[in-house]
Each structure stands twice: as C-alpha cells, then as structure tokens.
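*Asks:*
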Amino acid sequence: MSVGKGKDSPGPKYLRVIDLATCIGCGTCEAVCEFLYGKPFIKVYRTSIGLEIPVSCMHCKNAPCIDVCPTGAMTRDKDGAVYVEESRCIGCLACLYACPFGIPELHPAARVAIKCDLCKGLRSNGLIPACAAMCPAGAIIVGKEEKVFDKTKYRVAELFAKARMESIKQ
Amino acid sequence: MLEDIMRFAFLCKEKPSSSRGKVAVIGAGPAGLAATGYLVCQGYDVDIYDKQPLPGGLMIFAIPPWRIPRERVLEGIKVLKENFGVKFLLRTKVFAGKPRHDEGDDFVEKNIPLEEIVNNYDAVIITTGAWRSRVPRLPGADADGVLTALEYVYKHRIYELGFSDKKPVTEGKVVVIGGGYSAVDAAEQAIRDRADEVHLVYRRTIKYAPAGVYEMERIRAMGVEIKELISPLEIITEDNKVKGIKCQRMKLGKPDRSGRPRPEPIPGSEFIMDADLVIFATGELSTPPVSLEDKEALQKLGIELDKWGCVVVDERYQSSNPKIFVAGDVVTGPSKIGSAVASGLRAACNLDMFLRARSNKFIQSV
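Set out below in structure tokens:
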C-alpha cells in the first residue's frame, strides 16, 4: 500500500458533475444505469424532507479507495475514471471504509467490489455515460474537465442574466 | 461533448445498416422515446405515433420548462428523426374501437385503428400514458372555473409552444387541491401568472405529501399559502361559476395502505373558502388505446385491462397478445419519468428478444 497512488495521472481528463440545483429527482439516471448493469451505480434517494438526491462515485482526483486497496484492484483508467479491476479484487471492502461517500458495494454473486466506471464500455465506443445522455433536465454534466468547469459557471451566468431581465420587466 | 441533448439512442452512434424489422411505438413520451432509442440501436425501423403536435409527451406538454429544458428534449427528438430515421406521425390518435375522449386530444386530426397498426408492424409498444385526471365527484365540480392540473398546465404549454394564441390568464384567488408534483407545478404556475392569491389545500400534513416538504416550502417561499389537513366537500357556484369551496378539517388517523396516516374528517369542522379558480391535482388515470367497456375491441386485440384501466402485462411487459408490449404510465398509472424510462427500455429489450427468437427458425421448430 502506498499513499499517493490514488492521485490523478497526467493527460486529458474526463469529469462528471451532478448539478443538484438542476436535478429534478426524476430517477432517469438510476433507471438507465440499472438497465445497463442490472444494478444502479447512481441512485436517487428520497430524503427525509422529500427532496430526491442522486448519489454516485465522485471519481476523486486523489482517491482514498485506490490508496487503500491492498491488491491494486481499485484503479483509474486513462480518462481519469476510477474503476475496479475485478479479477484482482478480494472483496475486502477496504475501499468502502476509505470512501467518504460510501460508494463501493459488493457484487451479490461474484463478491468483488463494484461501482460506477462512467460507462467505460460506452466511452470506448465514443459515447457518453448513459446517466448523462438520458437526464431530461441536463443535470449531469460530463466531458473534458475544462469544458465541464466552464459549463457550470456558464449556467450561473445565465441565471444572473435572467434575474437582470426579470428586474426590467417588473 | 457538452451538448444539451437528450440522447435517447445512448447505446450507439448510428443505426446499424441492416434492418431487423418494423416496430410501431404509440405515444412519444419518455417511455416511448426510451424504447425507440433502444430499438434503433438494435437495427429496427421505428415509427412513433402521437396525438400531440410535437413529440415529448408530458415532458413537453405538462412539466414546466423551469424543470425540464424543452430544447434538450426537442433536440433529442431531432436526433432520433435525422440520424436514426425514426418517423414521427403526429396529431394522430391510435385507438381500437370508438375513440374515447381524453385530455390533451385538442390537436388530433387523424384516427387510426390500433388493429391496423398491429397488422402492419412486426411488433408494437404501447406507451400512451395517463391523460385522464381523477376529479373527486363533488357537487359543482363541473362548474366554470374548475380545472384539472393537467388541463391548467397544458394550456400554458401549448401557448408557449405557439399552438394556441390564447394567452392563459390566471386571475383572482386560486385554490389548488392535492399534494403531488402536479399540485406544486400548478400552484407555481399560478404564482408566475401573478394570480392575486394562490392556496394549496392538502388533506394530510405536508410531511406526508408525495411532492415532499422541500417542494412545499419552496412554493411557500414563492407566495403560495399552504393549507394542511383540509379536504374539499363541495364546489360552491353561482350561475355555474365557481365562488368558493366548502371544506372540512381533517386529522391524522391510523396508517392506511400507503403507510401514511389516514386523513379523517373532524365532524362539524366545515367552512367555506372563497375561490375564483379551483384546480384539482388529485391524480391521473392510465389511458390505454382501447376502452375498458369495449369488450369486443379488447377481445379482438387479445389484450386485457385491469379494473383501473391499466393494460395487464407479464414481467416482460408483454400483453396477452404477444405482438403487443406495453410500458410507462399506461401500465403503472402516473409515476416518475425514471420509472417510465425503465419500463420503456425493458419492454424494448424484451420485444427485441421476442422478435429475434421468432425469426430464428431453429427455435421455431423446437
């Protein structure tokens, strides 16, 4: 085990940001994920106040799950997505203990850690993660890091602009 | 890729070149569009029929644009049409037997018998949703100034989309009845229309409202007055025009089938609320393309409806007619987009397996 191996590698980076202010809690992300993988790796929880919140792996840039994995099964692909190399996993769940978001789970039959890999298979075919593709509200922003950061700020700019527009109408 | 497009065909970049067959999807809402996206990636030619002048279903014609950006859905539909060869046959109501009038039928120009569609395609997916509002049978509920939440938001959407010149006006005191997302959206719409007063009346406390405490507090902050533990008894009218609502106060009783406390009337607590517009957001019913009463049409099609009018399907979303699959709200009753997408995808996947098995001679011969 060596602390620091969970750090992001250089190269173009892929990022997913879930914009909770835009999310309408409709559960489409969870539905398509479950359809694809038999088990959803993004889950929408109805909280005590009734607000529905989607939870999935953050694909941390300094990932404690990778740091603590004793066999190197928890690893990162070239785009920066954190995923499990299942043949190496011993199912110890050190990753779950380390994860601040409680993300990794055990496969019910194979007893290895499983989690979101940002639709590795779809991405290798030039497609985008299914949750983002199908979100009706556009609350899941994926893509090259700089573009994602730009888009989140652009949305705020749009909000400010709308507020200005409203103020002249009143 | 940071485009704002709903990618219904999220499994492929382009349609496979060889066609595997022809499928009709009836209803272009989230279930129908998700099913279509799956089927085009498997190589099917898909025609979608819809009664509205645009595809999208409730995402376009009911859910307000401040929740779902309209362009994102419409761009996704454009991609299905232009890149995946999906044919959209709009303003068309498909129905077996004498067409029933449902809400949102305003733009229907053409009626096609469902039997004709079933005969002309290899298989059919029915995703016709829930376009009939449930309104409690109260005296005066048919008066002028009583609307369903669906009628109310639909009027706004068709005006915004340019299908109607009549700008919806909301004046005076509005009372919305219900505790779900439709009630919240109708109340928020009335606030945005600058109604003088907007009240939301719910028979339980907001803690038990399907829309949740957060949504209720959000519209309260916008100016909606939330009134808990109240149930309507009668719509008070004058010359068949709404004047008010006779209500009674409720208390929370023992848990009912839904697990929430049953609202129980408090005797002698009746009172009258003034109202100029009453909006019932008290649920919707499935609208299958055949009437529950039309036994002949049902028998001819070989499908069954349960007592709520939902089409009966097996775990594959296949009806008792093997060529007909059914998904979305028409199976489950009103639900969320996520569950419509889930059943749409599963129905499409099972339809594909059904047609593959049928076209495989080996399987046919055993």
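If you read the sequences in order, they're chains A and B.
Residues in the first sequence are numbered consecutively from 1, following the numbering used here.
Residues in the second sequence are numbered consecutively from 1001, following the numbering used here.
Each residue gets a CB set at the ideal place from its N, CA and C atoms; glycine is no exception.
Threshold first: 4 residues or longer. Then list the alpha helix (DSSP H) segments lying entirely within the stretch 141-170 of chain A, N to C.
*Replies:* Correct list: 145-169.
*Asks:* Going by C-alpha to C-alpha distance, which of Leu96/A, Gly72/A and Asp79/A sits closest to Glu86/A?
*Replies:* Minimum Cα distance to Glu86/A is reached at Gly72/A.
*Asks:* Helix, strand or coil for Pro1255/B, going by three-state DSSP, please let me know.
*Replies:* In the structure shown, Pro1255/B sits in a strand (DSSP, three-state: E or B).
*Asks:* Pull out every residue of the stretch 1332-1360 of chain B whose Cβ sits closer than 8 Å to any Cβ of chain A, in chain order.
*Replies:* So the list reads Lys1336, Ile1337, Gly1338, Ser1339, Val1341, Ala1342, Leu1345, Arg1346 and Cys1349, given in the order they occur along the chain.
*Asks:* Consult DSSP for Val1331/B and reduce its assignment to one of helix, strand or coil.
*Replies:* Three-state result, Val1331/B: helix.
*Asks:* Would you mind listing the alpha helix (DSSP H) stretches within the stretch 1252-1336 of chain B that are 4+ residues and don't spill past its ends, in chain order?
*Replies:* Counting only runs of 4 or more, we get 1295-1301 and 1329-1332.
*Asks:* Determine the DSSP secondary structure at Met1001/B, reduced to helix, strand or coil.
*Replies:* Its pLDDT being 42, under 50, Met1001/B is placed unreliably in this model, and the coordinates cannot settle the point.
*Asks:* Could you have a look at Val1366/B and say whether DSSP puts it in helix, strand or coil?
*Replies:* Its pLDDT being 44, under 50, Val1366/B is placed unreliably in this model, and the value from its coordinates should be taken loosely. Of the three classes helix, strand and coil, the one that applies to Val1366/B here is coil, per DSSP.
*Asks:* Quick one: is Trp1308/B buried, meaning 16 or more other Cβ sit within 10 Å of its Cβ, or exposed?
*Replies:* Exposed, since its Cβ has fewer than 16 Cβ neighbours within 10 Å.
*Asks:* Can you tell me whether Trp982/B is buried or exposed, with buried defined as 16 or more other CB within 10 angstroms of its CB?
*Replies:* Residue 982/B falls outside the range modelled here, since chain B spans only 1001 to 1366, and no answer is possible.
*Asks:* Measuring only between beta-carbons, confirm whether Pro1055/B sits less than 8 Å from chain A.
*Replies:* Closer than 8 Å: no.
*Asks:* Please classify Asn1240/B: is it buried, with 16 or more other beta-carbons within 10 angstroms of its beta-carbon, or exposed?
*Replies:* The residue is exposed, with fewer than 16 neighbouring Cβ atoms inside 10 Å.
*Asks:* Report buried or exposed for Val1341/B, applying the criterion of at least 16 other Cβ atoms within 10 angstroms of its Cβ.
*Replies:* So Val1341/B counts as buried.
*Asks:* Does the beta-carbon of Met955/B have 16 or more other beta-carbons within 10 angstroms, so that it is buried, or is it exposed?
*Replies:* Nothing about residue 955/B can be reported from this structure: the residues present for chain B run from 1001 to 1366 only.
*Asks:* Going by alpha carbons, who is nearest to Leu1345/B out of Val1040/B, Pro1016/B and Lys1015/B?
*Replies:* Answer by Cα proximity: Val1040/B.
*Asks:* If the cut is a Cβ gap below 8 Å, which residues of chain A does Glu1215/B touch?
*Replies:* Residues of chain A passing the Cβ test: Gly50 and Leu51.
*Asks:* Take Cys57/A and list the residues in its own chain whose beta-carbon comes closer than 6 Å to its own, dropping the five residues that flank it on each side.
*Replies:* Here the set comprises Ile103, Lys115 and Cys116.
*Asks:* I'd like the list of long-range same chain contacts for Glu105/A, defined as Cβ closer than 6 Å, with 5 residues on each side in sequence excluded.
*Replies:* Cβ neighbours of Glu105/A beyond the five flanking positions: Ile114.
*Asks:* Return the first residue and the last residue of the beta strand (DSSP E) that Met259/A is part of.
*Replies:* Nothing about residue 259/A can be reported from this structure: the residues present for chain A run from 1 to 170 only.
*Asks:* Tell me where the beta strand (DSSP E) around Ala1387/B begins and ends.
*Replies:* Because chain B is modelled from 1001 through 1366, residue 1387/B falls outside the range shown and cannot be assessed.
*Asks:* With a threshold of 8 Å, are at least 3 pairs of Cβ atoms found where one atom belongs to the stretch 1310-1320 of chain B and the other to the stretch 1158-1172 of chain B?
*Replies:* Touching, no, given that fewer than three Cβ pairs across the two stretches are closer than 8 Å.
*Asks:* To the nearest angstrom, how far is it from the Cα of Phe149/A to the Cα of Glu158/A?
*Replies:* Roughly 15 Å separates the two Cα atoms.
*Asks:* Looking at the structure shown, is Met1353/B part of a helix, part of a strand, or coil, going by DSSP?
*Replies:* It is helical.
*Asks:* Where does the unbroken beta strand (DSSP E) through Glu1225/B begin, and where does it stop?
*Replies:* Glu1225 to Lys1227 is the extent of the beta strand (DSSP E) around Glu1225/B.
*Asks:* For Val1201/B versus Ala1187/B, is the C-beta distance shorter than 8 Å?
*Replies:* Taking 8 Å as the Cβ cut-off, Val1201/B and Ala1187/B do not qualify as a contacting pair.
*Asks:* Shorter than 8 Å from the beta carbon of Cys116/A to some beta carbon of chain B?
*Replies:* No, its Cβ sits nowhere closer than 8 Å to a Cβ of chain B.
*Asks:* When you compare each of Leu1089/B, Lys1087/B, Leu1114/B and Phe1088/B to Pro1099/B by their alpha carbons, which one comes out closest?
*Replies:* Ranking the options by Cα distance to Pro1099/B, first place goes to Leu1114/B.
*Asks:* Does any residue of chain A have a CB that is nearer than 8 Å to the CB of Ile1266/B?
*Replies:* Chain A, which has no Cβ nearer than 8 Å to the Cβ of Ile1266/B, makes this no.
*Asks:* Could you please tell me which residues of the stretch 20-32 of chain A, in chain order, have their CB closer than 7 Å to any CB of chain B?
*Replies:* Cβ contacts with chain B: Ile24, Cys26, Gly27, Thr28, Glu30, Ala31 and Val32.
*Asks:* How should Ile1303/B be labelled, buried or exposed, when 16 other C-beta atoms within 10 angstroms of its C-beta is the threshold for buried?
*Replies:* With 16 or more other Cβ atoms within 10 Å, it is buried.
*Asks:* Curious, which full-length beta strand (DSSP E) runs of at least 3 residues does the stretch 29-74 of chain A contain?
*Replies:* Entirely contained in the stretch 29-74 of chain A, the beta strand (DSSP E) runs reaching 3 residues are, in chain order, 42-46 and 52-56.
*Asks:* Could you spell out where the alpha helix (DSSP H) holding Ala94/A opens and where it closes?
*Replies:* Looking at the DSSP string, the run of the alpha helix (DSSP H) that includes Ala94/A is Ala94 to Ala98.
*Asks:* Looking only at its chain, what residues have a beta carbon closer than 6 Å to the beta carbon of Leu1033/B, apart from the 5 residues adjacent to it on each side?
*Replies:* Phe1008, listed in sequence order.
*Asks:* From Val1213/B, Ala1031/B, Ile1235/B and Leu1301/B, pick the residue whose C-alpha is nearest to that of Met1273/B; which is it?
*Replies:* Taking only the C-alpha atoms, the option nearest Met1273/B is Ile1235/B.
*Asks:* Do you know offhand how far Cys65/A's Cα is from Asp8/A's?
*Replies:* If I take the Cα positions, the gap works out to 13 Å.
*Asks:* Could you tell me the boundaries of the beta strand (DSSP E) in which His1199/B lies?
*Replies:* His1199/B -> beta strand (DSSP E) spans Glu1197 to Val1201.
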